[in-house]
Structure formats: C-alpha cells, structure tokens
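In my numbering, the protein residues as written are 6 to 113.
C-beta: ideal position from N, C-alpha, C; glycine also.
Since we're looking at a predicted model, the values are computed, not measured.
This report concerns only the one structure given below.
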C-alpha cells in the first residue's frame, strides 16, 4: 500500500517548530540541545516563556534565549527547510542585541 502524501495547512508553511528553528538558525549545535533549552524555560517568544518544543513560530516574532554565557535577542525574519551553512542561518534572523550591552560573564 502506497503512503499518502502528508498535507499541511497553508499557514503551516509560514510557521515552524521552535526547536527546529533554533537548530536550523544555528543557535544551538543539536536539536536535542534546542529541546532541552526550551523545556528548561530558557526561551521566550514575544516575552512569553515557552516550555514546549513544538510551539510554532514565524517571521516577526522576537525570541529571547538565555544561553550559558549570554542572552540573545533575535527577531525571526525567515524559515528554513533544512539546516544549512552559517551564512544561510544568518538570513533567518536579525540580532537585536546592542553591542556593548550584551550580558557577558564576569572575569574571574
């Protein structure tokens, strides 16, 4: 029996799972790291804490991501169908961090 093609709602093409987007945009090295980051409550979408990796995100939304050594604020401007090069990943977002104001770890 042949598999039937999977159909997507038209608006689904304009949105993507948060964990996949973080991985495609090279914010994290693995998709598992993205899942753990989200489940740990370290990601906000438009100021709302997200704890579900399946949350759909799209262009125009602002992500606040608390990484180990910094906080990144990114505006989504694109979606990807696969994980590409670093240059391709940079076309998926605008970094809203102001240089010099990024949270940096204290020197020991």
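Item, Value
"So, at 8 Å on beta carbons, what are the nonlocal neighbours of residue 60 in its own chain, with the 5 sequence-adjacent residues on each side left out?", "22, 23, 43 and 50"
"With respect to the beta strand (DSSP E) encompassing residue 100, which residues constitute its N-terminal and C-terminal limits?", "98-100"
"Keeping to the same chain, check which residues put their C-beta closer than 6 Å to that of residue 103; ignore five residues upstream and five downstream.", "none"
"Return the residue from the list 91, 100, 41 and 86 that minimises the CA-CA distance to residue 20.", "86"
"Return yes when at least one heavy atom of the ligand SAH lies under 7 Å from the C-beta of residue 65, else no.", "What this structure holds is no ligand at all, so the ligand SAH is not there to describe."
"Less than 6 Å between C-beta atoms, sequence neighbours within five positions excluded: which residues of the same chain meet that for residue 64?", "81 and 82"
"What residues are listed by DSSP as bridge partners for residue 71?", "76"
"CB-CB under 6 Å to residue 84, same chain, minus the five flanking residues each way: which ones, in chain order?", "21"
"With residue 55 as the anchor, note down where its beta strand (DSSP E) starts and where it stops.", "53-55"
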